[in-house]
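Residue 255 in this note's numbering sits at position 243 of the sequence shown, and the numbers go up by one each step.
Note that beta-carbon positions come from the ideal geometry of N, C-alpha and C, so glycine has one too.
This one's a predicted model, so the numbers in the text were calculated from it and none came from an experiment.
Down below is the structure, laid out as structure tokens.
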Amino acid sequence: MLLMTLCCEDEKNLIKDMQNIKNVLKSKGIIIGVSESISYGTHFVKIYYGNSEFDENMRATIMLYISNVIYNVIVEHYREKEMLHYINENYFFLKHDEILDIDLAINKILKGDQKICSDKDFYCLNKINDIIENIKEFILENDYVNIEGFITFRMKNFLKDIECIIDKVVEDYMIEKEYNEFIKLLKYFVDIQDCKLEEVNIIVQKNGSYEVKDSKGLDIFKDFLNEITDAAEVGIINTEDIIISGLITNVPKKIKIYNEEYCINKEFIQTIKSVFGERVETHRSYNNILKK
Numbered sequence: 013m014l015l016m017t018l019c020c021e022d023e024k025n026l027i028k029d030m031q032n033i034k035n036v037l038k039s040k041g042i043i044i045g046v047s048e049s050i051s052y053g054t055h056f057v058k059i060y061y062g063n064s065e066f067d068e069n070m071r072a073t074i075m076l077y078i079s080n081v082i083y084n085v086i087v088e089h090y091r092e093k094e095m096l097h098y099i100n101e102n103y104f105f106l107k108h109d110e111i112l113d114i115d116l117a118i119n120k121i122l123k124g125d126q127k128i129c130s131d132k133d134f135y136c137l138n139k140i141n142d143i144i145e146n147i148k149e150f151i152l153e154n155d156y157v158n159i160e161g162f163i164t165f166r167m168k169n170f171l172k173d174i175e176c177i178i179d180k181v182v183e184d185y186m187i188e189k190e191y192n193e194f195i196k197l198l199k200y201f202v203d204i205q206d207c208k209l210e211e212v213n214i215i216v217q218k219n220g221s222y223e224v225k226d227s228k229g230l231d232i233f234k235d236f237l238n239e240i241t242d243a244a245e246v247g248i249i250n251t252e253d254i255i256i257s258g259l260i261t262n263v264p265k266k267i268k269i270y271n272e273e274y275c276i277n278k279e280f281i282q283t284i285k286s287v288f289g290e291r292v293e294t295h296r297s298y299n300n301i302l303k304k
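Printed below as a string of structure tokens:
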């Protein structure tokens with residue numbers, strides 16, 4: 013039984029994507045058939061369902077996969093026709109190499125090749141899911157879809173979500189760039205300073221709090237705090253800022269971090285490693301070190 017028909021003037025990867033979906037659905041116990049015909053340069057792709065037992069849940073599953081195919085066509089169209097124009101128009105201050113980096117990052121996200129490992133990734137994934145859901149709602153009500161016409165008349169419905177993704181990627185890129193420049197500056201400062209401490213031990217507690225001790229096991233957090241008393245008194249510096257400030261001020265020859273897995277703010281540990289490089293060591297347990 014015919015489920016729906018897709019037509020487009022430029023086939024591109026449509027047939028290949030539909031064949032891939034056919035194989036994926038087959039692994040889920042859902043059988044569909046795909047046939048192609050060409051008339052006056054227009055490709056017609058017909059999708060049939062082949063299960064003897066067919067219900068709305070099965071139809072919704074098939075439509076979700078077809079929506080992903082249409083989504084890929086929309087993304088490819090936007091990438092080729094509009095994306096760089098939007099970036100140049102709204103982020104004219106970016107250099108050419110920065111635009112290339114951002115373009116690559118955006119394409120990875122839009123094509124689903126980006127691993128989900130940050131708030132930005134979750135944000136973008138939600139936007140993509142919104143687009144796909146809107147496509148699915150349309151094709152559930154329409155069993156014939158002209159993809160070029162769909163793009164022409166409905167692209168504006170998806171532009172906001174796509175542009176939100178671009179804005180988020182650019183924002184994340186600029187934050188990372190500023191962070192890397194800040195780290196580079198701190199590394200330079202550390203390299204030109206004399207070491208004031210032989211060793212600093214940072215012990216992360218199970219609750220995520222920190223102890224800071226010297227090579228003799230004496231608490232030196234208060235010393236770090238006293239070096240920035242004025243700022244600390246007005247409450248603009250937290251514990252992690254105090255520790256990093258103390259490390260940069262005293263430039264220890266060696267920094268040992270214990271129980272890194274307990275650290276809640278992973279960026280804090282990464283900052284120390286980035287700034288101090290080979291001076292940093294990680295260990296499992298401070299108590300075990302003391303026993304030795």
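Contact check, residue i vs residue j, beta carbons under 9 Å
{"i": "residue 49", "j": "residue 58", "result": "yes"}
{"i": "residue 155", "j": "residue 15", "result": "yes"}
{"i": "residue 180", "j": "residue 132", "result": "yes"}
{"i": "residue 95", "j": "residue 118", "result": "yes"}
{"i": "residue 1", "j": "residue 98", "result": "Coverage of the chain is limited to positions 13 through 304, which leaves residue 1 absent and any answer about it impossible."}
{"i": "residue 81", "j": "residue 26", "result": "yes"}
{"i": "residue 224", "j": "residue 263", "result": "no"}
{"i": "residue 30", "j": "residue 152", "result": "no"}
{"i": "residue 146", "j": "residue 165", "result": "no"}
{"i": "residue 195", "j": "residue 286", "result": "yes"}
{"i": "residue 209", "j": "residue 265", "result": "yes"}
{"i": "residue 72", "j": "residue 139", "result": "no"}
{"i": "residue 60", "j": "residue 70", "result": "no"}
{"i": "residue 292", "j": "residue 260", "result": "no"}
{"i": "residue 233", "j": "residue 255", "result": "yes"}
{"i": "residue 226", "j": "residue 211", "result": "yes"}
Local Cβ density within 10 Å of residue i, reported as buried at 16 or more and exposed below that
{"i": "residue 18", "result": "buried"}
{"i": "residue 303", "result": "In this prediction, residue 303 scores a pLDDT of 44, lower than 50, which makes its location untrustworthy; the coordinate-derived value is nonetheless stated afterwards. Looking at its Cβ environment, which holds fewer than 16 other Cβ atoms inside 10 Å, residue 303 is exposed."}
{"i": "residue 271", "result": "buried"}
{"i": "residue 296", "result": "exposed"}
{"i": "residue 42", "result": "buried"}
{"i": "residue 218", "result": "exposed"}
{"i": "residue 246", "result": "Because the pLDDT at residue 246 is just 47, under 50, the model does not fix this residue reliably, and the point stays unresolved."}
{"i": "residue 90", "result": "buried"}
{"i": "residue 213", "result": "buried"}
{"i": "residue 222", "result": "buried"}
{"i": "residue 83", "result": "buried"}
{"i": "residue 162", "result": "buried"}
{"i": "residue 105", "result": "exposed"}
{"i": "residue 112", "result": "exposed"}
{"i": "residue 207", "result": "exposed"}
Pick from the options that is closest to residue i, judged by C-alpha positions
{"i": "residue 237", "options": "253, 179 and 87", "result": "253"}
{"i": "residue 130", "options": "168, 83, 175 and 188", "result": "188"}
{"i": "residue 220", "options": "55, 269 and 113", "result": "269"}
{"i": "residue 192", "options": "283, 60 and 34", "result": "283"}
{"i": "residue 21", "options": "178, 158 and 107", "result": "158"}
{"i": "residue 109", "options": "76, 185 and 89", "result": "185"}
{"i": "residue 143", "options": "235, 85 and 258", "result": "85"}
{"i": "residue 28", "options": "47, 40 and 39", "result": "47"}
{"i": "residue 216", "options": "56, 274, 234 and 280", "result": "274"}
{"i": "residue 55", "options": "160, 40 and 255", "result": "160"}
{"i": "residue 289", "options": "199, 211 and 134", "result": "199"}
{"i": "residue 116", "options": "101, 128 and 178", "result": "178"}
For residue i, three-class secondary structure by DSSP
{"i": "residue 288", "result": "helix"}
{"i": "residue 215", "result": "strand"}
{"i": "residue 25", "result": "coil"}
{"i": "residue 158", "result": "strand"}
{"i": "residue 111", "result": "helix"}
{"i": "residue 244", "result": "Note that residue 244 has pLDDT 49, beneath the 50 cutoff, so the model's placement of it is unreliable and the number below is only indicative. Reduced to three states, the DSSP call for residue 244 is helix."}
{"i": "residue 181", "result": "helix"}
{"i": "residue 267", "result": "strand"}
{"i": "residue 133", "result": "helix"}
{"i": "residue 52", "result": "coil"}
{"i": "residue 67", "result": "coil"}
{"i": "residue 315", "result": "Nothing about residue 315 can be read from this structure; the chain reaches only from 13 to 304."}
{"i": "residue 126", "result": "coil"}
{"i": "residue 105", "result": "coil"}
Cross-strand partners of residue i (DSSP beta bridge)
{"i": "residue 16", "result": "59"}
{"i": "residue 47", "result": "58"}
{"i": "residue 234", "result": "Its beta-bridge partners do not exist; DSSP assigns none."}
{"i": "residue 225", "result": "213 and 231"}
{"i": "residue 295", "result": "270"}
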